[in-house]
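Undergrad: Shown below is the structure under consideration.
Numbering (mature numbering (1 follows the signal peptide of the UniProt record, and there is no 0)), first residue to last: -37 to -1, 1 to 89.
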């Protein structure tokens, strides 16, 4: 039997132990990075007004509309609605819900951008 063949099981055991140790240590090392990534930085313009937003259900026969603190406004064709995690929300998924937001209107007075506020942002704004 060649000399290197006898050393193979020991080498494989060493490689296996190294991989096992790396698989246990690597997730723990990534935890701080994961926690940091979850705290996304939200840049909401200082001049964005606050309101309670209710988006009307979409209708094929009528233009999209929204209610901001009881006042009906049109919805701009490129409306961007950011959730509390700063991800874009589909308009149909939140239609009819009363959402605390900060918002910007376009030149025509239509809702252009809205940010759904977290509880901390709501408390900080009061």
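For each residue, glycine too, the CB sits at the ideal point set by N, CA and C. Remember, it's a predicted structure, so these values are computed and weren't measured experimentally.
According to DSSP, what are the bridge partners of residue 63?
TA: BP columns for residue 63 point to 15.
Undergrad: Helix, strand or coil for residue -27 per DSSP?
TA: Residue -27 falls in the helix class under three-state DSSP.
Undergrad: With respect to the beta strand (DSSP E) encompassing residue 57, which residues constitute its N-terminal and C-terminal limits?
TA: First-last for residue 57: 54 to 57, but that is the alpha helix (DSSP H), not the beta strand (DSSP E).
Undergrad: To the nearest angstrom, report how far apart residue 8 and residue 76 are at their CA atoms.
TA: Distance between the alpha carbons of residue 8 and residue 76 is about 11 Å.
Undergrad: Where does residue 81 fall in DSSP's three states?
TA: DSSP places residue 81 in coil when its eight states are reduced to three.
Undergrad: Counting only the same chain and skipping the five closest in sequence on each side, list residues whose C-beta sits under 8 Å from that of residue 46.
TA: For residue 46, where only same-chain residues beyond five positions count, the Cβ hits under 8 Å are 52, 79.
Undergrad: Nearest to residue 30 by alpha carbon, out of 44, 59, 84?
TA: The shortest Cα separation from residue 30 among 44, 59, 84 belongs to 59.
Undergrad: In the structure shown, what three-state DSSP assignment does residue -15 receive?
TA: Note: residue -15 maps to helix in three-state DSSP.
Undergrad: Report the partner residues of residue 28 according to the DSSP bridge assignment.
TA: For residue 28, which the question treats as bridged, DSSP gives the partners 37.
Undergrad: Contact defined as beta carbons within less than 8 Å: I believe residue 74 pairs with residue 17. What is the distance between those atoms, to the nearest angstrom?
TA: With a Cβ gap of about 11 Å, residue 74 and residue 17 do not count as contacting.
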